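Okay, so here's the structure we're looking at.
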Amino acid sequence: MAIYSVGRRRVIIALLLTSALLLTLDLRGNAVIDRARDGAARVMDPIDSAVEAVTQPIERAWKGIVDYDDLEQRNHELQDEVDRLVGTQAAAEASVLEYQELLALNNLPSLAGIDTEVAQVIGSASNNFDQVVEINKGRSSGVQIGMPVVNQAGLVGKITEPVTANSARVMLATDVKYTVAVRITAGTPCVEEGPVDTSPSGLTDEEIRDLASTSTTSTTTLPPDDRDPSVVVPDSTLPAGGTTSTVPGFAVPPPSTAPPAEGDAAVVETSTTTTTVLEPVEKEFGALEGRGGDRIPQVRFLQNNPALTELQECDLVETAGGSESLAPPGIPVGRVANRADRPGSGGPLLDVDLYADLDALNFVRVVLYKPLSEVDE
Amino acid sequence: MFASFVQGPLIRLIPVGIVLLALQRTIFVDLTVDGVIIQVMTAFAAAAGAVGGSERGAVVGFVLGVMYDLVEGTPLGSMAIAMTVAGIVAGLLALITADPQWWLMAIFTGLGAAVGELAVPVVRVFIGEDHPVEPRLAVVVPTVAVTAAVMSPLLVPVARWCLRMTPAEWKDPTTDATT
Chain E
1 MAIYSVGRRR VIIALLLTSA LLLTLDLRGN AVIDRARDGA ARVMDPIDSA
51 VEAVTQPIER AWKGIVDYDD LEQRNHELQD EVDRLVGTQA AAEASVLEYQ
101 ELLALNNLPS LAGIDTEVAQ VIGSASNNFD QVVEINKGRS SGVQIGMPVV
151 NQAGLVGKIT EPVTANSARV MLATDVKYTV AVRITAGTPC VEEGPVDTSP
201 SGLTDEEIRD LASTSTTSTT TLPPDDRDPS VVVPDSTLPA GGTTSTVPGF
251 AVPPPSTAPP AEGDAAVVET STTTTTVLEP VEKEFGALEG RGGDRIPQVR
301 FLQNNPALTE LQECDLVETA GGSESLAPPG IPVGRVANRA DRPGSGGPLL
351 DVDLYADLDA LNFVRVVLYK PLSEVDE
Chain P
378 MFASFVQGPL IRLIPVGIVL LALQRTIFVD LTVDGVIIQV MTAFAAAAGA
428 VGGSERGAVV GFVLGVMYDL VEGTPLGSMA IAMTVAGIVA GLLALITADP
478 QWWLMAIFTG LGAAVGELAV PVVRVFIGED HPVEPRLAVV VPTVAVTAAV
528 MSPLLVPVAR WCLRMTPAEW KDPTTDATT
């Protein structure tokens, strides 16, 4: 066996050098390679579909055997979550509307004014190093490299190359190459996992007490002429115990008073509303970076400062925007799961639990957003 | 040139590579082992190396790697290097025995695939990616190696067919001497 023959070595060296040459050409950007990629994607699309159709029964059988218990448990968890979310939805919608109105009043950019393109996830990375999924929308739908991708829960990632006419790749927020400017909103306590007794708002009584309390006390005083003035009757239009604001920073308007019934024209109704205003929410800015694999992303602060001591677990994280940022401000990202202080002048590291479940993506929305710096050009 | 293409391994390798690539992108993305995606293409390159030697393994690895890079969007040449290395390593390991048993082929294929998978983050370090080496690599590499070894009884015959090689037949020297 002539393993060290010159000819054999030449072939191997030639192949390795060719690979290195291709790598260099591709990294520098090459139109021919881009066209070759487009062509390869077109060729593979029908073959992928055919192979998927053939292998789907095998895949389902395997998953039926292996994943049944996990699926059942996940189903229970999701049902709990649905129950919880139904309660919070109405209050959240009102809050979002008010937020959009405030942004519009202040001429601030908001997500409501940016076009989006709904896309379906049709594949994911087939290696163990990239955190990437493939979607079925591409250049023909206005999708461009760098655009943020979200789903109903929050930030998913951003568009990365290659983008073909009808498909694109999304670099997930967990990828090591992913980074985005975020701001951290402090002041919201954690919601415990598992089934807990909640009000219709989705928050526990304790949380409601801790957050914002808008207590409405309404009394109906009987007319002094024919009734005893000392008798005070609770207003039947209000629920027992009054009403309580359900969303931090969002006060529910006081209930309207029912018109007096006939014959009760002399009834005098007084309504007293006491609103406890929340402390101003501290905000800090940092850079969210993916860490690959199963590890959740992290927010880094380059320098420590006293304001960072306010940051704690379960603080909210959302995109910060800015003229250079690829993502507009206000996209919800997740909650702080853990805080690690670093020795020296470096700021703390915050592990962020993403809202979006990146393992179970189906439909996503590409935000057709260009950074302000590019729009101006 | 046309004749050499028809008679060479490429005419069989390309269709096989397309099917393997489609399998890699569909079923093997979902059927993971402890969250690790089985690398059937790297395993095939290693199997080709174990069957045909380091040179043929390198050719198969290079062709499959370029196909993978073109379709998957990874930097063109990065997986080609990794799969070429897988083929070379498996081919070099196969030299320790003249006529390896199936289980030895499985071991060569597994080790070749392991080195190939390990080469991926190494290549990415060279092209300037941040943090390509993750602690999870300690799980990924052994899993890819074991699954490649398990798949080798299927992949080795396909690799032989692609490379137009027939398994060595053992002949009794005494019979040869008498006849």
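Chains as they are written, first to last, in our numbering: chain E, 1 to 377; chain P, 378 to 556. Note that the Cβ used here is the ideal one computed from N, Cα and C, for glycine as well. Given the structure is predicted, the values throughout are model-derived calculations rather than measurements.
(message) Under 8 Å, CB to CB, which of the residues in the region 448-461 of chain P have a partner in chain E?
(response) Within the region 448-461 of chain P, the qualifying residues are VAL448, GLU449, GLY450, THR451, PRO452, LEU453, GLY454, SER455, MET456, ALA457, ILE458, THR461.
(request) Determine the extent of the beta strand (DSSP E) in which GLU117(E) is found, giving its start and end residues. (result) 116-124 is the extent of the beta strand (DSSP E) around GLU117(E).
(request) Quick one: list the residues of chain P neighbouring PRO162(E), beta-carbon separation under 9 Å, in chain order. (result) Chain order gives the chain P residues near PRO162(E) as GLY450, where near means a beta carbon separation below 9 Å.
(request) Would you verify that the beta carbon of GLY157(E) is, or is not, closer than 8 Å to some beta carbon of chain P? (result) Output row for GLY157(E): interface = no.
(message) Please state whether the Cβ-Cβ distance between LYS137(E) and GLU161(E) is less than 8 Å.
(response) Not in contact: LYS137(E) and GLU161(E) (Cβ atoms no closer than 8 Å).
(message) Quick check on DSSP: helix, strand or coil for ALA395(E)?
(response) The structure shown does not extend to residue 395(E), since chain E is modelled only from 1 through 377, so no value can be given for it.
(request) Would you please verify whether the beta carbon of MET147(E) is less than 8 Å from any beta carbon of chain P? (result) For MET147(E), the answer is no, since every Cβ of chain P falls outside 8 Å of its Cβ.
(message) Is there a C-beta anywhere in chain P that falls below 8 Å from the one on PHE285(E)?
(response) Not an interface residue.
(message) According to DSSP, simplified to helix, strand and coil, what is GLU284(E)?
(response) Secondary structure at GLU284(E): strand, using DSSP grouped into helix, strand and coil.
(request) Confirm, please, whether the CB-CB distance from VAL366(E) to ALA119(E) is below 8 Å. (result) In this structure, VAL366(E) lies closer than 8 Å to ALA119(E) by Cβ.
(request) Check whether the Cβ of VAL413(P) lies closer than 8 Å to any Cβ atom in chain E. (result) Answer yes: the Cβ-Cβ gap between VAL413(P) and chain E drops below 8 Å somewhere.
(message) Check whether chain E comes within 8 Å of ARG389(P), counting only Cβ atoms and requiring the distance to be less than that.
(response) By the rule that beta-carbons nearer than 8 Å mark a contact, ARG389(P) does not touch chain E.
(request) Determine the contact status of PRO392(P) and ARG541(P), defining contact as a CB-CB distance below 8 Å. (result) No, they are not a contact pair.
(request) Evaluate TYR355(E) with the Cβ neighbour count: other Cβ atoms within 10 Å of its Cβ, from every protein chain shown; 16 or more gives buried, anything less gives exposed. (result) Taking all protein chains shown into account, TYR355(E) has 16 or more neighbouring C-beta atoms within 10 Å of its C-beta and is therefore buried.
(message) Can you check which of these residues, ARG433(P), VAL413(P), PRO477(P), is closest to PRO530(P) by C-alpha distance?
(response) When only C-alpha atoms are compared, the closest one is PRO477(P).
(message) Am I right that LEU441(P) and ALA422(P) are in contact with their C-beta atoms under 8 Å? What's the rounded C-beta distance?
(response) With 8 Å as the limit, LEU441(P) and ALA422(P) qualify as a contact, their Cβ atoms being about 5 Å apart.
(request) Please go through the same chain and pick out, in chain order, the residues whose beta-carbon is closer than 7 Å to the beta-carbon of ILE465(P), but skip the five residues on each side of it. (result) The residues are GLY426, SER431, GLY434, ALA435.
(request) Go through the region 414-447 of chain P residue by residue and report every complete run of the alpha helix (DSSP H) that reaches 4 residues or more, in order. (result) DSSP assignment within the region 414-447 of chain P yields the following whole alpha helix (DSSP H) runs of 4 residues or more, N-terminal first: 417-429.
(request) Give me whichever residues DSSP pairs with GLN298(E) in a beta bridge. (result) Bridge partners of GLN298(E): GLU289(E), ASP351(E).
(request) Could you tell me which residues DSSP puts in a beta bridge with GLY113(E)? (result) Beta-bridge partners assigned by DSSP to GLY113(E): none are found.
(request) Check whether the region 290-297 of chain E touches the region 141-148 of chain E, taking contact to mean three or more Cβ pairs, one atom from each stretch, closer than 8 Å. (result) At 8 Å Cβ cutoff, the stretches do not touch.
(request) Report the partner residues of ARG365(E) according to the DSSP bridge assignment. (result) According to DSSP, ARG365(E) bridges with VAL118(E), VAL150(E).
(request) Compute the beta-carbon to beta-carbon distance between GLY487(P) and VAL523(P), rounded to the nearest angstrom, for a pair I have assumed lies under 8 Å. (result) At roughly 6 Å, the Cβ-Cβ gap stays under 8 Å, so GLY487(P) and VAL523(P) are in contact.
(request) Assign ILE12(E) to buried or exposed, taking buried as 16 or more other Cβ atoms, counted over all protein chains shown, within 10 Å of its Cβ. (result) Buried, because 16 or more other Cβ atoms sit within 10 Å of the Cβ of ILE12(E).
(message) Is it the case that the region 455-463 of chain P contacts the region 15-30 of chain E, given that we only count it when at least three CB pairs across the two stretches are under 8 Å?
(response) Touching, per the Cβ criterion.
(request) Determine whether the Cβ of LEU531(P) lies closer than 8 Å to any Cβ atom of chain E. (result) Put simply, the CB of LEU531(P) is far from chain E, with every gap to its CB atoms at 8 Å or more.
(message) Just to confirm, is the Cβ distance from LEU387(E) to ILE331(E) under 8 Å?
(response) Residue coverage of chain E in this structure runs from 1 to 377, which leaves residue 387(E) outside it and unanswerable.
(message) Assuming contact is defined by CB atoms lying nearer than 8 Å, are VAL406(P) and ILE395(P) in contact in what I supplied?
(response) No, they are not a contact pair.
(message) When you compare the CB of GLY493(P) with every CB in chain E, is at least one pair closer than 8 Å?
(response) Using beta-carbon distances, GLY493(P) does not count as an interface residue toward chain E, since no partner is under 8 Å.
(request) Quick one: list the residues of chain E neighbouring LEU408(P), beta-carbon separation under 7 Å, in chain order. (result) Per Cβ cutoff of 7 Å: GLU59, TRP62.
(request) Return the Cβ separation of VAL364(E) and VAL352(E) in integer angstroms, given the expectation that the two are a contact with Cβ distance under 8 Å. (result) 19 Å between Cβ atoms; not a contact.
(request) Below 7 Å CB to CB, which residues in the same chain sit around ARG9(E) once its five sequence neighbours on both sides are set aside? (result) So no residue of the chain qualifies.
(request) Tell whether a beta-carbon distance below 8 Å holds between LEU349(E) and ALA340(E). (result) The Cβ-Cβ distance between LEU349(E) and ALA340(E) falls below 8 Å.
(request) Can you tell me which of PHE485(P), LEU514(P), LEU453(P), ASP411(P) puts its alpha carbon nearest to the alpha carbon of ARG28(E)? (result) Among PHE485(P), LEU514(P), LEU453(P), ASP411(P), the Cα nearest to that of ARG28(E) belongs to LEU453(P).
(request) Anything in chain P within Cβ reach of ALA119(E), meaning under 8 Å, just list it in chain order. (result) Under the 8 Å cutoff, chain P gives no residues; its nearest Cβ is about 16 Å from ALA119(E).
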